[in-house]
Amino acid sequence: LTALMLAGRVGSGIAAELGSMMVTEQISALRALGTDPIRKLVVPRVLAGVIMCPILTVISNAVGLTGGWLIALTQLRVPTGVYWSSVVEGLYIQDVWMGLIKPFFLGFVIVTIGCHVGLRTSGGTQGVGRATTNAVVAASVLVLIVDFFVTRLLISILF
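Right, dumping it as structure tokens:
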């Protein structure tokens, strides 16, 4: 779920930013100055995505568990100890590992798609709009596909 939200927010932002740089020929200017735009613009974004997606996933999981606890406590009158013991009983260590490993792959996919689509933008402001939409759609679909295959791989390894 976190990866899909990031695909919409981060993927679109990266595609729009790099797309705007493409249509205003800022990328061409970087190349003319002898600077590699991939090294300068793409690599830092990919590293940030690979590092931050797992961190945001952990935060998202913590918020979700805390929200569930608050609802269970206030609306359903479930005692705190019962809620947290049920959480611990229902979690397997393999699930935790999968939840910590998959976001690295998903963060890479989201940012890479945003960068790829952004750096292929043409056609002025309309092109930037199309690129932004295409980045969100492509990243969202690829998040689902990569999630499926990484989950299958991790299940075969961990279980």
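Take the sequence shown: its letter number 39 is residue 449 in the working numbering, and every next letter is one higher. A virtual CB, placed ideally from N, CA and C, is assigned to each residue, including glycine.
| Item | Value |
| --- | --- |
| Span of the alpha helix (DSSP H), counted from its first residue to its last, around Thr445 | First-last for Thr445: undefined, no H or E at that position. |
| Short Cβ contact (8 Å threshold) for Val546 with Gly444 | no |
| Best match in Leu568, Cys525, Trp494 for proximity to Arg449 [C-alpha to C-alpha] | Cys525 |
| Local conformation of Phe518 per DSSP, three classes | helix |
| Alpha-carbon to alpha-carbon, Met432 and Ile620 | Past the edges of the chain, shown from 411 to 569, lies residue 620, and the structure says nothing about it. |
| Helix, strand or coil at Gln504 [DSSP, three-state] | helix |
| Ala548, buried or exposed, once every other Cβ within 10 Å from all chains shown has been counted against 16 | buried |
| Buried versus exposed call for Arg487 [16 or more other C-beta atoms within 10 Å across all chains shown] | exposed |
| Whole-Å CB distance - Lys512 paired with Val468, under 8 Å assumed | About 12 Å; that fails the 8 Å criterion. |
| Residue interval of the alpha helix (DSSP H) (run including Gln536) | 534 to 568 |
| For Gln485, the three-state DSSP class (helix, strand or coil) | coil |
| Residue burial classification, Ile565 (beta-carbon count within 10 angstroms, cutoff 16) | exposed |
| Residue range of the unbroken alpha helix (DSSP H) whose run includes Ala413 | 412 to 416 |
| Buried/exposed call for Gly517, threshold 16 Cβ in 10 Å | buried |
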